[in-house]
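Protein sequences appear in the order of chains A and B.
If you count the first sequence from 1, you need to add 36 to reach the numbering used here.
If you count the second sequence from 1, you need to add 36 to reach the numbering used here.
Backbone N, C-alpha and C fix where the C-beta goes; we use that ideal spot for every residue, glycine too.
For reference, the structure discussed in these notes is given below.
2 protein chains.
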Amino acid sequence: MRDLTPPSDTHAAPAAQTDTVVMKFGGSSVADPDKIRHVARRLVEARERGARVVGTVSAMGHTTDTLLELAASVSPNPHPRELDMLLSTGERIACALVAMAIHDLGHEAVSFTGSQAGIITDPVHTKAKIREITPVRVLDALDRGKIVLVAGFQGFSRDTMDVTTLGRGGTDATAVALAAALGASCEIYSDVPGVFTADPRIVPDARKLPEISYEEMLEMAASGAKVLMLRAVELARGHSVPVHARSTFSDEEGTWVRDTAGMEQPIVSAVTHAEDEILFHLRGVPDRPGAAATIFDAVAAEHVNVDTILQNVVGNAAEVSFSVPEDDVRATRRALERAQETLGAFETEEISDLGKVSIVGAGMRSHPGVAARMFRTLADEGINIRLISTSPIKISCLISRAAVPAAVRALHAAFDLGATDTHRAGDSE
Amino acid sequence: MRDLTPPSDTHAAPAAQTDTVVMKFGGSSVADPDKIRHVARRLVEARERGARVVGTVSAMGHTTDTLLELAASVSPNPHPRELDMLLSTGERIACALVAMAIHDLGHEAVSFTGSQAGIITDPVHTKAKIREITPVRVLDALDRGKIVLVAGFQGFSRDTMDVTTLGRGGTDATAVALAAALGASCEIYSDVPGVFTADPRIVPDARKLPEISYEEMLEMAASGAKVLMLRAVELARGHSVPVHARSTFSDEEGTWVRDTAGMEQPIVSAVTHAEDEILFHLRGVPDRPGAAATIFDAVAAEHVNVDTILQNVVGNAAEVSFSVPEDDVRATRRALERAQETLGAFETEEISDLGKVSIVGAGMRSHPGVAARMFRTLADEGINIRLISTSPIKISCLISRAAVPAAVRALHAAFDLGATDTHRAGDSE
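Printed below as a string of structure tokens:
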């Protein structure tokens, strides 16, 4: 039993037993019977190399979307508890099929639901957070030499005894939390071979990074890199679980996400982008203490992650702008309606032709010239910056959606990230 | 907690609380969103009439077949434990959707998996038998006024803590066992409005029976009537649960299956038929004590229900014939191979162009002329009888499959089952 909340650097991580590995495969890796057999072979190969193997898989292909559509066709507003009962079946199906395929390869396997695997969450349906893991049955099966499959994206609440699902990024979170509880390393398999200096579909000379710090990976995930989900990286950092992001379809080394403290810190490690940002622009918000808090409390209550926030005071009213992922637009609208019940009416506008481009690098902290160089690069390309947000190791600019590819390419070149020699990007700064 | 095995007449049934009802809906009743909403309305109507309502549903339409095909496409011989993990998802999906639809009608509902509902089985995967039910969460939810949905066809084994499925007829069995444990009455809804004197598609003047005894229903289910599954009727008889078989799509009264002891016993209540029988004909079986036992032990170990058995001794070897449902042919072949390892080789032949026609009636016990009349009726139609099997209240004849409809019509007329006046069929005997 290991407390998993709140994840924090002060938690001592268990000494990693090199002999246990948690291997996570996403929905596209188990989309059809051939791919399921392929995943089974990868798990068996790890077992045959002597490791104690835990696999966790997402639902096959678009199963979760299909189940959501089914729910929507039955009910305009599906009951959250029942939605979780429904959605949790997708991962169970995939796990059972992978376990069958492993048996055919002559190995013992056993699949567990989230609750059978002891994944205990809070009772927030469709967006539960993992509280702790009591992997009694997992450990027992590993001790018997079995390959264990755990249904991702789900757990159960001890308060209600009900099945919960973890929301977006839930299977990555399952994998990392299991690795923390088992003292295992964690491998996240997907159809990309690792973390790149930029999206290779946009920047042909983008490089795969051999390793990256938790902090940088957090900023990259928050600013659009899809290879690892934010919450999984947070969990990994909190429990010092090394995560290996790699390809389902090759044996090459991917990218290790781990504690790189004491190592040389690159100024800029990568350029990330997102093309699904919606900017909410609010006018006429009363300029009094707590107004912004009321708005963002309401937004947070809908579990929406706001990225960039800007506030201006015009006369005795404020203008507030913030961006959210497209998926969260409906929840954001609900939150704003609720905020207006408290604050009185204000104008809201949604701007949807925007994208975001970001540069991320741990060495940025001590190099103040980086932001200026980013803005100059975008200006040289004739790209207008609509909104800027910064963290100690990241700078994001909201720009026209159409300009995103050109901006990514220009920044990747400006910070010399395509260099193939041994020095890391930005060393010349 | 109520012991559910072995079901037997010696178990005292709990006094039926008229206020609790278990309503079971089959896969065709929940095949699409409209039908799911219809089932939700039926459950809500029962609740609004004041009943405590438990619904149990099968997987939607052909979901179970689709999952079986998926398993077959991944593995030539799916591991039984994992097959159960896979198959049990179908009923969970249907239950969650019905619960959502009930919420939209303004009532509280909660869906439970078999294990959440406390359905404890033996550990035989894919063909588990219910041992007992500890419906703690069901009772608690009923006490709070909720409509409870229980996923049919599944439970869990206390020995292994694994999910099990109940095999064919599993959801009917779930409904009856729940009714027994809750002291409830049981309603089995399907697309036919009750139990008929013969299949109305074959015999246009077939009558719906207002009631029928457990014993007759058992024989009818065993000899081809599809409206209620054999094991559910066995459970109902063992626990004296009255079962109302009725239509999903109308409010008319269906057929009550219950204890009719003391009432007038009709000589013949119904004609049933089956067109999926395969006859295994074995030649050269050593004629020594235990040979037949070895064969039928092996067949029973594969959980195949043999219906009709005939044995002849020819010289110092025996000929054995028996019929099984088409679905069980592969399992029967495996069993016969195993029997030959013990007994030595014998010849086996499979005859697949056969059907079965049966007459069932509790009054038959005291009327010896019934069999002769059946045989004469078939002879008058020019139909050859291949094999005969009898019980005290049933006579079955294996005949050519093509002759089944004519045989059913002739027998229905010969025993005067189409009469619309008040006297029951066969009273004229």
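Does the pairing of the segment 166-177 of chain A with the segment 63-78 of chain A give three or more beta-carbon distances under 8 Å?
-> no
What number of angstroms, rounded off, separates the C-alpha of Ala450 of chain B from the C-alpha of Lys262 of chain B?
-> The residue you call residue 450 of chain B lines up with position 414 of the second sequence. The residue you call residue 262 of chain B lines up with position 226 of the second sequence. Looking at the two C-alpha atoms, the distance is approximately 23 Å.
Taking the CB atoms as reference points, tell me whether Ile429 of chain B and Glu255 of chain B lie closer together than 8 Å.
-> Start at 1 with the first residue of the second sequence, and residue 429 of chain B comes out as number 393. Start at 1 with the first residue of the second sequence, and residue 255 of chain B comes out as number 219. Yes.
Partner residues on chain B for Pro240 of chain A, Cβ-Cβ distance less than 7 Å | Counting from one through the first sequence, the residue named residue 240 of chain A turns up at place 204. Per Cβ cutoff of 7 Å: no residues; Pro240 of chain A is ~38 Å from chain B at best.
In this structure, does DSSP put Thr46 of chain A in helix, strand or coil?
-> The sequence position of residue 46 of chain A within the first sequence is 10, counting from 1. Below a pLDDT of 50, predicted positions are generally treated as unreliable, and Thr46 of chain A, at 34, falls in that range; the measurement from the model is reported next regardless. In this structure, Thr46 of chain A counts as coil in the three-state DSSP scheme.
Beta carbon of Ala211 of chain A nearer than 8 Å to that of Lys71 of chain A | By one-based count along the first sequence, residue 211 of chain A stands at place 175. By one-based count along the first sequence, residue 71 of chain A stands at place 35. Not closer than 8 Å, so no.
Taking only beta-carbon positions, decide if Thr488 of chain A is within less than 8 Å of chain B.
-> Since the displayed chain A opens at 37 and closes at 465, residue 488 of chain A lies outside it and no answer follows.
Through-space distance from Pro441 of chain A to Gly462 of chain A, alpha-carbon basis = Position 426 of the first sequence, counted from the start, is the residue given in the question as residue 462 of chain A. Position 405 of the first sequence, counted from the start, is the residue given in the question as residue 441 of chain A. Because Gly462 of chain A carries a pLDDT of 38, less than 50, the predicted location of this residue cannot be relied on, and the following value inherits that uncertainty. Their backbone Cα atoms lie some 21 Å apart in a straight line.
Can you find a C-beta in chain A that's less than 8 Å from the C-beta of Arg77 of chain B?
-> Your numbering for residue 77 of chain B matches position 41 in the second sequence. No, Arg77 of chain B lies away from the interface with chain A (no Cβ there is under 8 Å from its Cβ).
At a CB-CB cut-off below 7 Å, which residues of chain A make contact with Glu118 of chain B?
-> As a first step, residue 118 of chain B must be located in the second sequence, where it is residue number 82. Those within 7 Å of Glu118 of chain B in chain A are Ala132, Ala135, Met136, Ser147.
Which residue's Cα is closest to the Cα of Arg128 of chain B: A:Leu414, A:Val199, A:Gly63?
-> Indexing the second sequence from 1 puts residue 128 of chain B at position 92. For Arg128 of chain B, the nearest C-alpha among the options comes from A:Val199.
What is the DSSP secondary structure of Leu411 of chain A, counted as helix, strand or coil?
-> As a first step, residue 411 of chain A must be located in the first sequence, where it is residue number 375. In the sequence as presented, Leu is not what sits at residue 411 of chain A; that position holds Phe. In this structure, Phe411 of chain A counts as helix in the three-state DSSP scheme.
Helix, strand or coil at Ser64 of chain A according to DSSP, with G and I counted as helix = Within the first sequence, residue 64 of chain A is the residue found at index 28, counting from 1. DSSP places Ser64 of chain A in helix when its eight states are reduced to three.
For Leu346 of chain B, the three-state DSSP class (helix, strand or coil) = As a working mapping, residue 346 of chain B is identified with position 310 in the second sequence. Here Leu346 of chain B sits in strand by DSSP.
Please state if the CB of Ser432 of chain B and the CB of Thr284 of chain B are separated by a distance shorter than 8 Å.
-> For the purposes of this step, residue 284 of chain B is identified with residue 248 of the second sequence, where counting begins at 1. For the purposes of this step, residue 432 of chain B is identified with residue 396 of the second sequence, where counting begins at 1. No. Outside cutoff.
Ile72 of chain B - containing alpha helix (DSSP H), residue span = Along the second sequence, read from residue 1 onward, the residue named residue 72 of chain B stands at position 36. Unbroken alpha helix (DSSP H) run through Ile72 of chain B: 69-84.
Gln152 of chain A in three-state terms, based on DSSP | Along the first sequence, one-based indexing puts residue 152 of chain A at 116. Reduced to three states, the DSSP call for Gln152 of chain A is coil.
Exposure of Val350 of chain B, with buried meaning 16 or more beta-carbon neighbours within 10 Å | Your numbering for residue 350 of chain B matches position 314 in the second sequence. Classification of Val350 of chain B: exposed, given that the 10 Å Cβ count is below 16.
Out of A:Arg370, A:Ile395, A:Ala407, state which residue places its alpha-carbon closest to the alpha-carbon of His309 of chain A.
-> Residue 309 of chain A sits at position 273 when you count from the first residue of the first sequence. That would be A:Ile395, whose Cα lies nearest to the Cα of His309 of chain A.
Exposed or buried, which one is His418 of chain A when buried takes at least 16 other CB atoms within 10 Å?
-> Walking along the first sequence from the start, residue 418 of chain A turns up at place 382. The identity of residue 418 of chain A in the sequence shown is Gly, whereas the question assumes His. So Gly418 of chain A counts as exposed.
Among A:Pro112, A:Gly230, A:Thr378, the one whose alpha carbon lies nearest that of Gly290 of chain A | Residue numbering aside, residue 290 of chain A sits at position 254 when the first sequence is read from its first letter. Residue A:Gly230 is the option with its Cα nearest to Gly290 of chain A.
Could you check if Ala336 of chain B is buried or exposed, using at least 16 other CB atoms within 10 Å of its CB as the buried criterion?
-> The count along the second sequence starts at 1 and reaches residue 336 of chain B at position 300. Exposed is the call here.
Could you check what DSSP says for Gln53 of chain B in three-state terms: helix, strand or coil?
-> Stepping through the second sequence from its first residue, residue 53 of chain B is reached at position 17. With a pLDDT of 43 at Gln53 of chain B, under the threshold of 50, the modelled position of that residue is not reliable, and the figure given next carries that caveat. Gln53 of chain B falls in the coil class under three-state DSSP.
Measure how close the beta-carbons of Gln190 of chain A and Gly150 of chain A come, nearest whole angstrom, since I'm counting them as under 8 Å.
-> Start at 1 with the first residue of the first sequence, and residue 190 of chain A comes out as number 154. Start at 1 with the first residue of the first sequence, and residue 150 of chain A comes out as number 114. Sure, about 4 Å apart at Cβ, within 8 Å.
Pull up the distance between the alpha-carbon of Pro42 of chain B and that of Arg267 of chain B, whole angstroms please.
-> Counting from one through the second sequence, the residue named residue 42 of chain B turns up at place 6. Counting from one through the second sequence, the residue named residue 267 of chain B turns up at place 231. Only weak support exists for where Pro42 of chain B lies, its pLDDT of 42 falling under 50; the coordinates are left without a value.
Just the C-alpha distance for Pro112 of chain B and Ile303 of chain B, rounded to the nearest angstrom, thanks.
-> In the second sequence, residue 112 of chain B corresponds to position 76, counting from 1. In the second sequence, residue 303 of chain B corresponds to position 267, counting from 1. So the alpha carbons of these two residues sit roughly 49 Å apart.
At which residues does the beta strand (DSSP E) containing Pro361 of chain A begin and terminate?
-> As a first step, residue 361 of chain A must be located in the first sequence, where it is residue number 325. Looking at the DSSP string, the run of the beta strand (DSSP E) that includes Pro361 of chain A is 353-361.
Taking Ser109 of chain A as the query, report the chain B residues whose CB atoms sit under 8 Å from its CB, ordered along the chain.
-> As a working note, residue 109 of chain A is residue 73 in the first sequence. Here the neighbours are Pro69.
Within 8 Å of chain A by C-beta, residues of the segment 346-373 of chain B in sequence order = none
For a contact meaning CB atoms closer than 7 Å, what does Pro114 of chain B contact in chain C?
-> Absent from the structure: chain C. Protein chains present are A and B.
Reduced DSSP category for Val239 of chain A - H, G, I as helix; E, B as strand; rest coil | Working through the first sequence from its first residue, we reach residue 239 of chain A at position 203. Three-state result, Val239 of chain A: coil.
Quick one: list the residues of chain A neighbouring Gly410 of chain B, beta-carbon separation under 8 Å, in chain order.
-> Reading the second sequence from its first residue, position 374 is the one you call residue 410 of chain B. Correcting the residue identity first, residue 410 of chain B is Met in this sequence and not Gly. In chain order: nothing, as chain A lies at least about 48 Å away.
Roughly how many angstroms separate the alpha carbons of Thr100 of chain A and Ser276 of chain A, rounded to a whole number?
-> Residue numbering aside, residue 100 of chain A sits at position 64 when the first sequence is read from its first letter. Residue numbering aside, residue 276 of chain A sits at position 240 when the first sequence is read from its first letter. The alpha-carbon atoms of Thr100 of chain A and Ser276 of chain A are separated by roughly 30 Å.
Secondary structure at Val186 of chain A, three-state DSSP: helix, strand or coil?
-> The count along the first sequence starts at 1 and reaches residue 186 of chain A at position 150. Here Val186 of chain A sits in strand by DSSP.
Within this structure, are the beta carbons of Gly91 of chain A and Ala67 of chain A separated by less than 8 Å?
-> For the purposes of this step, residue 91 of chain A is taken as residue 55 along the first sequence, with counting starting at 1. For the purposes of this step, residue 67 of chain A is taken as residue 31 along the first sequence, with counting starting at 1. No, the pair does not count as a contact, with Cβ atoms beyond the cut-off.
Pick out the complete beta strand (DSSP E) segments inside the segment 267-354 of chain A, 3 residues or longer, and give them in chain order.
-> 279-283, 291-294, 306-322, 345-350
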